[in-house]
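Have a look at the structure below before the remarks.
Protein chains: 2
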Amino acid sequence: MMVRKSKGLGERHQRILEFLQEYQRENRYPPSIREIGVKTGISSTSVVNYYLDQLEKRGLIERDRRISRGVRLSGPNTAADTLRVPMLGPIAAGLPLPELEAGVTYMTDNESNAVEIARSLLPAKEKGDTLFALEVKGDSMIDAMINDGDIVVIKPATDARNGEMVAVWLPRDNEATLKYFFKEKDRYRLQPANPTMKPIFIKKTEPLEIKGKVVMVIRKMDKPLAV
Amino acid sequence: MMVRKSKGLGERHQRILEFLQEYQRENRYPPSIREIGVKTGISSTSVVNYYLDQLEKRGLIERDRRISRGVRLSGPNTAADTLRVPMLGPIAAGLPLPELEAGVTYMTDNESNAVEIARSLLPAKEKGDTLFALEVKGDSMIDAMINDGDIVVIKPATDARNGEMVAVWLPRDNEATLKYFFKEKDRYRLQPANPTMKPIFIKKTEPLEIKGKVVMVIRKMDKPLAV
DNA sequence: CTTGACACAGAACAGACGTTCGGTTATCAT
DNA sequence: ATGATAACCGAACGTCTGTTCTGTGTCAAG
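Heads up: the sequence lines are chains A and B, in that order. Each number in the numbering used here corresponds to the 1-based position in the first sequence with 38 added. Each number in the numbering used here corresponds to the 1-based position in the second sequence with 38 added.
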């Protein structure tokens, strides 16, 4: 038998609440009573109805009776203005950076590979329609304070101002890297983000391909470090 | 008779599109075919179906057939599910970590200081209602690959599993730090994220206050580096 | 004039859906 | 023991809903 919770929400109340949110996020419409039942292990629609009534009385959901899928989480709408930034591929020291076709907007992709970023995290003037993201592979960017698995959000550019972090391809070393960019008298200085590490100097006569400016770095820590 | 538009969208196509958006915004679930018909002046459900098919072929909407109210506007979803994570203050080596009152949800604050994070960036099971954010001050966390100005998102915890990055207060050194946490035989190992740096060892007899687990690090690169 | 594509209406159907009701079991205070 | 109550289940009912089919009028091309 199910354990009676004297007060507060029972396990099933919470599972229903979670499922409502999850389903709505994935399908953009609410689930039917039967769908709620299946996913929360409730075999009878009347029991689901029973719980929905309770949740409504506590003000946690709102229902439009007699309307199919007329359930919604109440409370302030958590949806905010976000940007879907397409994930174009990996970035690693030895790998060339993915080529960007000019003028192409990548918003047409399916949902397969993209990073959602709240607009409030970006500079106000940033329109964001050309941004793309790369996933860092390997430890080659640790001097840029960027780790294996990090996501870098890049704005395409072929030039940069002093002090901006850029994604560059160095034909000299056959290497892609992320560095702070400085133009000096007759050379470029590529400064690692880690202040204890030394810069790379490139003569202006040598080739240097700036691919874009790094506008954001995101590190998800979902998986524990295996050491 | 209705004016035939040779190409592009007819008036009814547009009215349906607008109604879809309006209805979804007001009710948080999509309209039924009959409801679309009433509001757009179409008397037959088959005609509404006829238009929806066309809109789907042009990629303007998506339909889940045989599912009631299974219509949604396609295209870049600008309003995604986000979380407002309150920014509780700075974190620096010398500063004590802000105290968290147990059981208090910080979602009640005004908009003054919070970070918006798309739910899709967090682990699926993460409810997120207890998360908080801290802004890193100073260079003391560079061994954790975390720079001045970075934002760390933390889930409150007093214990951790091996390999998780934790925010800890070390009474021994009077210092706050971010390290990967490992429990060993008779000591704790606090491992810097930067693999070239050496761990700190704390005997289990010594005090060690785990304040939370780091779930995310965000680095905004809006300002150029001044060097 | 015929043909065919297009825009539309109406009706009918089957299945999805919310609601309701009778019944069962376990827990707890009386 | 007894009754009240909360937590369930299964079935039945009626309606909501998407789908499909037949038919009608318009218009342009052949």
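Built from N, CA and C at the ideal position, the CB exists for glycine as well.
Secondary structure of A152/B (DSSP, three-state): strand. Looking at the DSSP output, G250/B shares a beta bridge with P194/B and A205/B. For A264/B, the number of other beta carbons within 10 angstroms of its own is below 16, and it is reported as exposed. With its beta carbon at least 8 Å from every one in chain B, G250/A lies outside the interface.
Proximity of the stretch 235-242 of chain B to the stretch 158-166 of chain B falls short of the contact definition, fewer than three beta-carbon pairs being nearer than 8 Å. Contact between I74/A and F57/A holds: CB atoms are separated by about 6 Å, below the 8 Å threshold. The C-alpha of N212/A is placed about 16 Å away from the C-alpha of K175/A. For L228/B, the enclosing beta strand (DSSP E) covers residues R225 to Q229. Within the same chain, and ignoring the five residues on either side of N151/B in sequence, the residues whose Cβ sits closer than 6 Å to its Cβ are M125. For chain A, the residues of the stretch 162-190 of chain B that bring a beta carbon within less than 7 Å of one of its beta carbons are D177, I180, M183 and N185, in chain order.
Scanning M259/A, R101/A, T243/A and F219/A for the CA closest to the CA of K261/B turns up F219/A. With fewer than 16 other beta carbons inside 10 angstroms of its own, A162/B counts as exposed. Taking a C-beta distance under 8 Å as the contact criterion, G250/B and A195/B qualify as a contact pair. For L58/B, there is no enclosing beta strand (DSSP E); the residue is part of the alpha helix (DSSP H) that begins and ends at E49 to N65.
With a contact defined as Cβ atoms closer than 8 Å, I256/B and L159/A qualify at about 7 Å. Beta-bridge analysis with DSSP links M125/B to A171/B. For I71/B, the enclosing alpha helix (DSSP H) begins and ends at I71 to T78.
If you look at E222/B, you'll find it isn't in any alpha helix (DSSP H); DSSP assigns it neither H nor E. In the structure shown, A264/B falls within a coil segment according to DSSP collapsed to helix, strand and coil. Taken through DSSP and simplified to helix, strand or coil, A182/B comes out as helix. Annotation: Cβ neighbours of K258/B in chain A (cutoff 9 Å, chain order): L159, L160, P161, V253, M254 and V255. Taking the beta carbon of Y89/B as reference, no residue of chain A falls within 9 Å; the closest one sits roughly 19 Å away.
A distance of 8 Å or more separates the beta carbons of I129/B and M183/A.
Interface annotation for the stretch 57-72 of chain B against chain A: Q62, N65, R66, Y67, P68 and S70, criterion Cβ-Cβ distance under 9 Å. K221/B is the residue among V191/B, K221/B, R210/B and L208/B whose C-alpha sits nearest the C-alpha of A198/B. R199, N200, G201, E202, M203, Y218 and F220: these are the residues of the stretch 194-224 of chain A whose beta carbon lies less than 8 Å from some beta carbon of chain B, given in chain order. When the beta-carbon positions are compared, R53/A and T78/A come within less than 8 Å of each other. Neighbourhood of G97/A in chain B, by CB distance below 7 Å: empty, with the nearest CB roughly 15 Å away. Straight across, the Cα-Cα distance linking M203/A with D188/A is about 15 Å. Counting along the chain, E164/A sits inside no beta strand (DSSP E), nor does DSSP assign it H or E at all. By the neighbour-count criterion, in which 16 or more other beta carbons inside 10 Å mark a residue as buried, T243/A falls on the exposed side. Look at T83/B here: in three-state DSSP terms it is helix. Counting every other CB atom within 10 Å of its CB across the protein chains shown gives V76/B a total below 16, marking it as exposed.
Flagged as an interface residue toward chain A: I155/B, by a C-beta distance shorter than 8 Å. Rounded to whole angstroms, D224/B and E94/A show a C-alpha spacing of 51 Å.
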